[in-house]
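S.K.:
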Amino acid sequence: MDITKGSVVIAKAGRDKGRAFAVIEVLSDREVLIADGKRRPIERPKRKNVIHLQGTNTTVDCITTNRQLRNILKEFLQEA
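Per the working numbering, numbering of the sequence shown is gapless, rising by one per residue and ending at 86.
#1: Along the beta strand (DSSP E) that carries E37, what are the first and last residues, could you check?
#2: According to DSSP, E31 sits in a beta bridge with which residue or residues?
#3: Where L79 and D42 are concerned, what is the direct C-alpha to C-alpha distance, given to the nearest angstrom?
#4: When you compare each of R76, I9, T65 to L33 by their alpha carbons, which one comes out closest?
#5: In the DSSP assignment, find the beta strand (DSSP E) that holds I78 and state where it starts and stops.
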């Protein structure tokens, strides 16, 4: 699955294993910046290797606030 800006992903490795994030920015073909709006706010995203992420079919169009991001990820987890 291709990981692009706005994709909702699940961490497969690291201390955040199993948690949902949104891709904020694609740095290269191997690294992205992810945020969840709580532990990792949009202002301080985490750099993550795409090998350690599992892509989903869900994408987010526009993320402007941490509250909005938290609500989107909460809805995603309830659907899954």
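Where a beta carbon is used, it is the ideal one built from N, C-alpha and C, also for glycine.
M.R.: In terms of the structure at hand:
#1: Reading the sequence shown from its first residue, position 31 is the one you call residue 37. Start and end: 37-41.
#2: Along the sequence shown, one-based indexing puts residue 31 at 25. Paired residue(s): L39.
#3: As a working note, residue 79 is residue 73 in the sequence shown. As a working note, residue 42 is residue 36 in the sequence shown. In a straight line, the C-alpha of L79 is about 7 Å away from that of D42.
#4: Residue mapping note: residue 33 aligns to position 27 of the sequence shown, counting from 1. Ranking the options by Cα distance to L33, first place goes to I9.
#5: The sequence position of residue 78 within the sequence shown is 72, counting from 1. Taken as a continuous stretch (DSSP letters only), I78 belongs to no beta strand (DSSP E), being part of the alpha helix (DSSP H) at 72-85.
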